[in-house]
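Just so we're on the same page, the numbering used here is the position in the sequence shown counted from 1, plus 127. Below you'll find the structure, written out as structure tokens, and then a few comments.
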Amino acid sequence: MLGSKPYAASSNYINKMSDNSDTCRYDVKQKTDPKASPFNPLYWDFSLRNVEKLRGNPRLSQA
């Protein structure tokens, strides 16, 4: 298996990489608002649950 980054993304990344942003009912810039995209908490939940597995990956560094 070749892969260096998990395929998990925040709503902002999904918005940038797709062409459906005009039809989305969610606000990708909001994090906690009722209109916020559900991908944001899913992304951070994945990151927090897998922090030990992902710690050594240089592509995921916060620097």
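A virtual CB, placed ideally from N, CA and C, is assigned to each residue, including glycine. What you are looking at is a predicted structure, and each value in this text was computed from that prediction instead of being measured.
- [ ] Give a yes or no on whether the C-beta atoms belonging to Asn177 and Ser138 are separated by under 8 angstroms.
- [x] Between Asn177 and Ser138, the CB-CB gap reaches or exceeds 8 angstroms.
Open item on the list: I need the boundaries of the alpha helix (DSSP H) containing Val178, first residue and last residue.
Closed with: Counting along the chain, Val178 sits inside the alpha helix (DSSP H) bounded by residues Val178 to Leu181.
Open item on the list: Does Ser174 come out as helix, strand or coil in the three-state DSSP assignment?
Closed with: Residue state, collapsed to three classes: helix.
Task: Nearest to Cys151 (by Cα), restricted to the options Tyr170, Ser164 and Trp171 - done: Answer by Cα proximity: Ser164.
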